[in-house]
Amino acid sequence: MVLSMGGFSVNLIVHDNTLLHPHEQTVTKAGDTHAVYNARLAPGERFTVSWEDSRAEPKPSEGHLWKQEGTGMPLHLGQAATSPDDQTFALVSGVIERQASPVKLTLILTEGEGQDEASDALVTKQTLATFTLLVFAANPATVWTLDPMSDAQTVSGAGHSPRTERKAYDELQIAHLAMCKRAQHYEEESARLYKHVRSSPAAHVQYLDGRLANDPLSPSMRAGIAETRIEAAEKLSQAAAGALDREFAGLMSALGTATTAGRS
């Protein structure tokens with residue numbers, strides 16, 4: 376399930392390498408999007424909220440993220456902007472400070488970019504979408520877990536400021552999110568494959584030909600798809616031969632009937 380509203384798509388990444396799926400998603404009467412997640416977040420763990428401007432005609436926009444742990448006071452974590460001339464991706468990261476549930480993350484997206492203060496942006500700019508993410512400490516939901524990323528601390532040391540470390544971490548998260556989107560692509564491809572397999576052998580072969588011609592595949596995956604394509608083509612050939620046999624038998628039967636009628 377993709378969390379989206381108003382042409383914006385939002386993702387929540389926890390434990391540095393896990394893209395979390397919402398357990399529930401609702402839209403309030405005011406048009407705000409609420410999503411419920413299940414995850415155990417310990418103090419000191421980092422999380423990231425990212426969003427993408429997927430509107431047909433992207434325009435500059437800015438997002439502000441607030442965090443509220445349990446009954447604590449809301450805290451403004453930061454803001455980030457998107458621009459169609461630069462990138463349509465943006466993200467803000469934070470750290471869990473105490474063991475409290477739920478963790479409430481509120482993302483407000485406004486038009487334009489460049490405001491330094493959250494209050495200025497909310498007062499002077501039109502709100503495009505509001506997302507509220509509630510993370511409960513319950514049984515883990517369905518997630519994609521990929522290979523661990525490099526620790527952002529590898530850039531620490533002399534000559535590196537906190538701003539530099541934060542930028543390096545954000546770049547890692549963007550790369551990781553791209554990997555998660557690729558995983559989503561293959562999940563969608565699996566669903567599409569199942570649909571084609573159920574329809575007909577010819578549709579299955581056509582689907583596999585498209586994968587081999589258009590998708591960036593690893594050598595092992597390409598070999599596996601090619602082998603599957605051979606098997607599907609054999610089934611198609613057998614089906615075609617069976618249909619031809621039935622058509623020939625019908626033709627001979629009709630011919631025999633006509634001959635008998637002519638003799639009589």
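Numbering (the numbering used here), first residue to last: 376 to 639. Using N, Cα and C, we set each Cβ at its ideal position, and we do this for glycine too. Note that the coordinates shown come from a computational prediction; the quantities given were computed from them, not determined experimentally.
query                                                                                     : result
Same chain, Cβ closer than 8 Å to L466, five either side skipped, listed in chain order   : T423, V424, S425, W426, A455, D545, Q548, I549 and L552
Proximity test, A417 beta-carbon vs the ligand NAP heavy atom, cut-off 7 Å                : The ligand NAP is not among the ligands present in this structure, which contains no ligands whatsoever.
Separation of T485 from G438, as counted between CA atoms                                 : 6 Å
Beta-carbon gap between L452 and P477 smaller than 8 Å                                    : no
Burial state of E444 (16 or more Cβ within 10 Å)                                          : buried
Buried or exposed by the 16-neighbour rule on C-beta atoms within 10 Å, applied to I605   : exposed
Coarse secondary structure for Q443, derived from DSSP in three states                    : strand
Secondary structure of G617, DSSP reduced to three states                                 : helix
Pair within 8 Å by beta-carbon distance, P418 and I471                                    : yes
When R430, T393 and R597 are compared against P459, the one with the closest alpha-carbon : R430
Cα-Cα separation between P435 and G487, rounded to whole angstroms                        : 5 Å
Coil, strand or helix - I388 by DSSP                                                      : strand
Boundaries (first-last residue) of the alpha helix (DSSP H) holding A431                  : That residue, A431, is in no alpha helix (DSSP H); it is neither H nor E in DSSP.
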